[in-house]
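Notes to accompany the following structure.
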Amino acid sequence: MNILFVVPYVPNLVRVRSYNLIRFLSEHGNRVTVVTLWSTDAERKDISRLRQICHQVRAIHLPRRRSLWNGLKALPTNAPLQSVYSWHPALAGELQPALAQSQNGRPSFDLVHVEHLRGVRYGLQLVTQAANDRQQNAPPVVWDSVDCISLLFRQASTQSRSRTGRIITNLDLKRTEQYEAWLTTQFDNILLTSPRDEEAFLELVAKYEISSRRSKFTVLPNGVDLNYFQPDTLQVRDPCTAVVTGKMSYHANVTMVLHLVKRIMPLIWAKRPKFLLKIVGKDPSRELRVLNQHPQIEVTGTVDDIRPYLRSATVALAPITYSAGIQNKVLEAMACATPVVTTPMAVSALTVKVGRDLLIAEEPEDFADAVLSLLDNPARCQSLGANGRRYVEEQHNWKNIAARLESVYRDVVHHTRQQTAAIST
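If you want it as structure tokens, here you go:
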């Protein structure tokens, strides 16, 4: 198929969902054209890597000041801030060829894929323009919501450790709920990473009495690049070392790490005073940077390669207190055969067998006990790590997930062409 893939940020090895879907769709023989936005020099450099895995990339610069201005203009309206953050007229102009006709009378693209709430306006533009132009054979638009953002906001509004974060999410929560409910009337298919996110969308449809719902929901989980994230048999794991990973400016990760340091780690240090915690991830917040002053904590900031930290740690920790979707940090650690201790919230979207593939605990005391039990049992660590690797190989292989997405595409395109034929006759 000829696919137009619209992403409001540059797909890369950190933004794994879009990057790997594009990569494997291309490897399967599809012609993928990516339209995206970049804001930093690092993102601009990622564009060259992206060009190596797809047919074509069209990238527009989105200055931070434009995103801030978009947000300010949206404040007195009903539009969620997330939905306008990445709006750029120049990128909107890049989408015009999507509706153009090829020589055989068909659209230039078979299908348009739009990712995230930040990109949804671009999809809406195509849907609206096709309707206004009465273009019956316009390409269908699939929106990958990824997560239900209002579900995440609902949790963050009460649990986030950031006062600013709570204010913003409370400000944007109701209109994000209303907007996400309305979006179910606009697209041919909506992709989500977990059944919980689908459930949250259906709750919004019922809450706001959406009777004209059009979209079909498809749960398409995240995967792992199993060739990139894999165990290193030559790497010796550091005794009494834990790693926690993620984008460390993200409010849910900041809350997670502060919860870990303040409520769980003291219980571990009471019995293992030399236990070392490594906090690995880009752009750590001010609250996290000051943790470097603790003798048993290392805050790395941005690293070129996260794998050495996963492969050398005794255990990977993810005491997540609120979230949506699937936690990539958990899957990546498991792919490196690193034993994982996490919370029920983090595995609600997974089909893991607790105690075989990973350990879960909710209360700080139970979480600390689970970590200490692994430190005392190297054989259990090895078994847990091996089983975790086996689980992601079977359930979260990007190649298989991309193949499933192709099937969704084919169904959407077939259904759209049937509708067009019916209208024509």
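At the far end of the sequence shown sits residue 411, using our numbering, and the numbering has no gaps. Cβ atoms here follow ideal geometry from the backbone N, Cα and C, with glycine treated the same way. Remember, it's a predicted structure, so these values are computed and weren't measured experimentally.
Query raised in the report: Taking one C-beta from the region 135 to 146 and one from the region 179 to 198 each time, how about it: are there three or more such pairs within less than 8 Å?
Result: yes
Report task. In angstroms with no decimal places, state the Cα-to-Cα distance between D291 and V20. Result -> 25 Å
Query raised in the report: Would the region 111 to 129 and the region 9 to 19 be scored as touching if the rule is three or more Cβ pairs under 8 Å?
Result: no
Query raised in the report: Going along the chain, which residues of its own chain have a beta-carbon closer than 6 Å to the beta-carbon of L253, five neighbours each way excluded?
Result: A354
**Report entry** T328 classed as buried or exposed, judged by whether at least 16 other C-beta atoms fall within 10 angstroms
**Finding:** buried
Query raised in the report: Going by the beta-carbon positions, is the gap between T241 and T155 smaller than 8 Å?
Result: no
Report task. Check whether the Cβ of M242 sits closer than 7 Å to any heavy atom of the ligand COA, and report yes or no. Result -> Ligands are entirely absent from the displayed structure, and the ligand COA is therefore not among its contents.
Requested in this report: Counting only runs of 4+ residues fully inside the region 157 to 209, write out the alpha helix (DSSP H) ranges in chain order.
Outcome: 181 to 193
**Report entry** Cβ separation of F95 and N(-12), assumed to be a contact under 8 Å, to the nearest whole Å
**Finding:** 5 Å
Requested in this report: Helix, strand or coil for N(-12), going by three-state DSSP, please let me know.
Outcome: strand
Query raised in the report: Looking only at C-alpha atoms, which of T227, H245, L277 sits nearest to P259?
Result: T227
Query raised in the report: How far does the beta strand (DSSP E) with Y287 in it reach, from first residue to last?
Result: Correcting the residue type first, residue 287 is Gly in the shown sequence and not Tyr. Its beta strand (DSSP E) spans residues 283 to 287.
**Report entry** Classification of V127 by the beta-carbon crowding that lies within 10 angstroms, buried from 16 upward
**Finding:** buried
Query raised in the report: Rounded to a whole number of angstroms, what is the C-alpha to C-alpha distance between H41 and V18?
Result: 5 Å
Report task. Under 8 Å Cβ to Cβ from D269, same chain only, skipping five residues before and after it: list those, please. Result -> K233, M234, S235, G287, T288
Query raised in the report: If you run the structure through DSSP and keep just helix, strand and coil, what is I135?
Result: helix
Report task. Please name the residue or residues paired with R44 in a DSSP beta bridge. Result -> V21
**Report entry** Own chain, CB closer than 7 Å to V338, minus 5 neighbours either side, in chain order
**Finding:** L344, Y377
Query raised in the report: Curious, which full-length alpha helix (DSSP H) runs of at least 4 residues does the region 347 to 402 contain?
Result: 350 to 361, 364 to 381
Query raised in the report: In whole angstroms, what is the alpha-carbon distance linking M320 and P305?
Result: 15 Å
Requested in this report: Closer than 7 Å by C-beta to V276: which residues in its own chain qualify, once you throw out the five before and the five after it? Chain order, please.
Outcome: none
**Report entry** C-alpha distance - Q221 paired with I283, whole-angstrom precision
**Finding:** 22 Å
Query - Among L97, L77, A76, P75, nearest to L85 - alpha-carbon criterion - result: L97
Query raised in the report: Looking at N6 and G209, is the spacing between their C-beta atoms short of 8 Å?
Result: yes
Requested in this report: Over the uninterrupted beta strand (DSSP E) stretch that includes H102, give me the two end residues.
Outcome: Segment: none, H102 is in no beta strand (DSSP E) and carries neither H nor E.
Query - Rounded straight-line distance, which links the Cα of W384 to that of L159 - result: 32 Å
**Report entry** Bridge partner(s) assigned by DSSP for W129
**Finding:** V100, I176
Report task. Drop a sphere of 10 angstroms on the beta-carbon of S53, count the other beta-carbons inside from all chains shown, and report buried for 16 or more, exposed for fewer. Result -> buried
Requested in this report: Verify whether the separation of the beta carbon atoms of G267 and T324 is less than 8 Å.
Outcome: no
Query raised in the report: Nearest to A60 by alpha carbon, out of S198, I196, L157?
Result: L157
Query raised in the report: Exposed or buried, what is N175 when buried is set at 16 or more other beta-carbons lying within 10 Å of its beta-carbon?
Result: buried
**Report entry** Cβ neighbours of R293 in the same chain (closer than 7 Å, five flanking residues each side left out)
**Finding:** F215, C322
Report task. Give the secondary structure of P330 by DSSP, where H, G and I count as helix, E and B as strand, and everything else as coil. Result -> helix
Report task. Taking all protein chains shown into account, decide if N314 is buried (16 or more other Cβ within 10 angstroms of its Cβ) or exposed. Result -> buried
Query raised in the report: Assuming R104 contacts S334 under a Cβ cut-off of 8 Å, what Cβ separation, rounded to an integer in Å, is found between them?
Result: That pair is no contact at about 24 Å.
Requested in this report: Assign V340 to one of two classes, buried (16 or more other C-beta atoms within 10 Å of its C-beta) or exposed (fewer than that).
Outcome: exposed
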